[in-house]
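In this text, residue positions in the sequence shown follow this note's numbering: the first is 8, and each later residue adds one.
Reading through the structure tokens given below for one structure.
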Amino acid sequence: MIKALLVTPLPPQPTGLADFARRILSLTENHVEWTVAYPSGAQPLDGFDCLPISELKNQHFEGAVIYQIGNSPHCEEVIETLLSHGGTGLFHETNMHHVLRNKADKSGHWETYKNHVNHDYKEKSESFLAIMNKKAKSLAEYDNRLRVNQLVGNLVSSCDQIAVLSDTAKLDLAKLSNGKSIVRMGFLPDFLGKVKRTPSTDKIFTVGIVGTYHFGRSWPDMLKAVQMFRRIVDCRLLIIGSGWPETDYSWIKATGRLPDIEFRQELENIDIAIDLRRHTCGETSASMMDLLRRGIPAIVTSEGTFRDISADAVLRIPSESGAGGAYAALKYLYQNHQVRSSISTVAAQYFNDVSDKKKCLAEWLDLIERSGS
8 MIKALLVTPL
18 PPQPTGLADF
28 ARRILSLTEN
38 HVEWTVAYPS
48 GAQPLDGFDC
58 LPISELKNQH
68 FEGAVIYQIG
78 NSPHCEEVIE
88 TLLSHGGTGL
98 FHETNMHHVL
108 RNKADKSGHW
118 ETYKNHVNHD
128 YKEKSESFLA
138 IMNKKAKSLA
148 EYDNRLRVNQ
158 LVGNLVSSCD
168 QIAVLSDTAK
178 LDLAKLSNGK
188 SIVRMGFLPD
198 FLGKVKRTPS
208 TDKIFTVGIV
218 GTYHFGRSWP
228 DMLKAVQMFR
238 RIVDCRLLII
248 GSGWPETDYS
258 WIKATGRLPD
268 IEFRQELENI
278 DIAIDLRRHT
288 CGETSASMMD
298 LLRRGIPAIV
308 TSEGTFRDIS
318 ADAVLRIPSE
328 SGAGGAYAAL
338 KYLYQNHQVR
348 SSISTVAAQY
358 FNDVSDKKKC
368 LAEWLDLIER
378 SGS
């Protein structure tokens, strides 16, 4: 068996990277002898050799080393280890500005943050810092500033090779990689079997929003679009995910973060999904992949990695079309059952192609072998 080190968030940390780590291990456990290093706040997984990142020794880095890199505080220790030791980085986003800035703000180590800025922006660093240090009028404005000003190059430079989950991410990081190998990996599903819809007497038409809330997801536009849609259709809004703003509307149900099986059961209740994003960080949306897997027709903005999805597998609208465009798309899909059915079929086919288990296993074994060479 191949020996390898995986440095990654793990459950119960509330991040999709922790879930993805379990999928990597499940896919490869019969072929790879893993050591798994996890950050503070995570727990070891049964059946694997796990240890805290703080207990890693030099000998742990002698073979293949894979890091899961994401733009969240859960990845701070992972990123620090990558910068210190190098290895292969699996980038779930192509902009790490939030996590790098947050780390500096918490620790007060602004010189480290400035080093990242100097690496990426060189003679433009002072202008960059002036923009970032200007007082923001709101958290939303500040978040948007982090989104539109990419910061990731120092992490890319620290990698021996790079793995990504979308064509868009591959093109984006290729500009910063100085010719290093960038591998486009398939998206790993949760490997659960089919989940049956929970029987319910409630047959009301359901619009769904899936995944965790952040400022990049256009909540005001999505809410307004569904409010407009409700003028012509008796429907409800089902939000499956955590952190969404609270409302007093009785027609909105928010589940919070759910275990895998309950999550899949709730997906079965959605008739049309909606996901409007603006100024993404290059994230591959696990929640969107789950919707595609189930064949749920989804309305998305033409942003980031959503542009990689097959044209007939979703209904894409211009980012600037806002609530009005989303409402028109909802109305169109509701009134055209045949179109919904066609999108559903193509969506499931697309997911099956990019998540084929044999292809994904071959990709992972090849990535690990090259990481250790």
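By construction, the Cβ of each residue, glycine as well, lies at the ideal position given by its N, Cα and C atoms.
Bear in mind that the values here come from a model prediction, so they are computed numbers and not experimental data.
The alpha helix (DSSP H) that contains residue i, what's its start and end?
{"i": "K338", "result": "329-342"}
{"i": "L63", "result": "Taken as a continuous stretch (DSSP letters only), L63 belongs to no alpha helix (DSSP H), as it is neither H nor E."}
{"i": "R264", "result": "Unbroken run through R264: none, as it is neither H nor E."}
{"i": "R191", "result": "It is not in any alpha helix (DSSP H) - R191 instead sits in the beta strand (DSSP E) that spans 189-191."}
{"i": "Y371", "result": "One point to set straight first is that residue 371 is Trp, not Tyr, in the sequence displayed. 364-379 is the extent of the alpha helix (DSSP H) around W371."}
{"i": "L180", "result": "174-181"}
{"i": "Y120", "result": "117-128"}
{"i": "H81", "result": "Run containing H81: none; DSSP gives neither H nor E here."}
{"i": "T35", "result": "23-35"}
{"i": "M295", "result": "293-301"}
{"i": "D112", "result": "104-114"}
{"i": "M392", "result": "Here the chain covers residues 8 to 380 and nothing more, so residue 392 does not appear."}
Between which two residues does the beta strand (DSSP E) holding residue i run?
{"i": "P436", "result": "Not covered by the structure: residue 436. The range shown for the chain is 8 to 380."}
{"i": "M45", "result": "Note that residue 45 is Tyr in the sequence shown here, rather than Met. Element bounds for Y45: 39-45."}
{"i": "I246", "result": "242-247"}
{"i": "V202", "result": "From DSSP, V202 is part of no beta strand (DSSP E); its letter is neither H nor E."}
Going by the DSSP bridge assignment, what does residue i pair with across the sheet?
{"i": "Q75", "result": "L97"}
{"i": "I324", "result": "T308"}
{"i": "W166", "result": "The residue you asked about is not Trp; residue 166 is Cys in the sequence shown. Its beta-bridge partners are G94."}
{"i": "L13", "result": "V43, I73"}
{"i": "V217", "result": "I247"}
{"i": "D282", "result": "V307"}
{"i": "V159", "result": "DSSP, once it has assigned bridges, lists no residue as partnering V159."}
{"i": "Q224", "result": "The sequence shown places Arg at residue 224, not Gln. Answer is R284."}
{"i": "F212", "result": "C242"}
{"i": "V171", "result": "F98, R191"}
Assuming residue i and residue j form a contact by the criterion Cβ under 8 Å, report the distance between their Cβ atoms to the nearest whole angstrom.
{"i": "D170", "j": "V190", "result": "In the sequence as presented, Asp is not what sits at residue 170; that position holds Ala. Indeed they touch by this definition, with Cβ atoms about 5 Å apart."}
{"i": "D278", "j": "F198", "result": "The Cβ separation is near 26 Å, so there is no contact."}
{"i": "I216", "j": "M229", "result": "6 Å"}
{"i": "C166", "j": "T254", "result": "Not quite, the Cβ-Cβ distance comes to about 42 Å (not below 8 Å), so this is no contact."}
{"i": "I259", "j": "K338", "result": "In fact, because the Cβ distance is near 19 Å, the residues do not count as touching under 8 Å."}
{"i": "H2", "j": "Q157", "result": "Residue 2 is absent from the model: the chain starts at 8 and stops at 380."}
{"i": "H123", "j": "L372", "result": "Incorrect: roughly 33 Å between the Cβ atoms, too far for contact."}
{"i": "G289", "j": "G311", "result": "6 Å"}
{"i": "L34", "j": "F55", "result": "The Cβ separation is near 13 Å, so there is no contact."}
{"i": "H92", "j": "I76", "result": "13 Å between Cβ atoms; not a contact."}
{"i": "E273", "j": "I247", "result": "5 Å"}
{"i": "V72", "j": "S378", "result": "6 Å"}
{"i": "K231", "j": "A330", "result": "4 Å"}
Apart from the five residues just before and just after residue i, which ones in its own chain have a Cβ nearer than 8 Å to its Cβ?
{"i": "T88", "result": "V14, A44, I60, L63, Y74"}
{"i": "L299", "result": "A305, I316, A320, V321, A354, A355, Y357, F358"}
{"i": "R30", "result": "L195, P196, D197, F198"}
{"i": "R152", "result": "I138, M139, A143"}
{"i": "V214", "result": "V233, F236, C242, R243, L244, L245, I277, D278, I279, A280, I281, L337"}
{"i": "H126", "result": "G160, N161, S164"}
{"i": "S249", "result": "P21, T219, Y220, G263, R264"}
{"i": "C57", "result": "L17, T42, V43, A44, Y45, P51"}
{"i": "K187", "result": "V163, C166, D167, Q168, I169"}
{"i": "M192", "result": "L97, A170, V171, L172, C367, E370, W371, L374"}
{"i": "R108", "result": "Y120, M139, L153, L158"}
{"i": "L136", "result": "K121, V124"}
{"i": "A111", "result": "W117, T119, Y120"}
{"i": "H67", "result": "L12, T42, A44"}
Enumerate in chain order the residues of its own chain whose CB-to-CB distance from residue i is below 6 Å, with the five nearest sequence positions on each side excluded.
{"i": "R285", "result": "S225, S326"}
{"i": "T294", "result": "It should be noted that the sequence gives Ser, not Thr, for residue 294. Hits under 6 Å: V217, G218."}
{"i": "Y149", "result": "A143"}
{"i": "T22", "result": "P16, S79, H81"}
{"i": "V307", "result": "D282, F313, V321, R323"}
{"i": "M296", "result": "F194"}
{"i": "G48", "result": "Q20"}
{"i": "R271", "result": "V202"}
{"i": "W251", "result": "Y220, A261"}
{"i": "L340", "result": "I279, P304, R347"}
Whose C-beta lies closer than 7 Å to the C-beta of residue i among residues of the same chain, with five residues either side of it excluded?
{"i": "Y256", "result": "none"}
{"i": "Q342", "result": "none"}
Does residue i get closer than 8 Å to chain D when you measure Cβ to Cβ?
{"i": "Y341", "result": "Here there is only one protein chain, and chain D is not present."}
Touching by the beta-carbon criterion (3+ pairs, under 8 Å), the segment 42-56 and the segment 14-34: yes
The segment 304-323 touching the segment 345-363, judged by at least three CB pairs closer than 8 Å: yes
At least three beta-carbon pairs within less than 8 Å, the segment 258-267 to the segment 360-368: no
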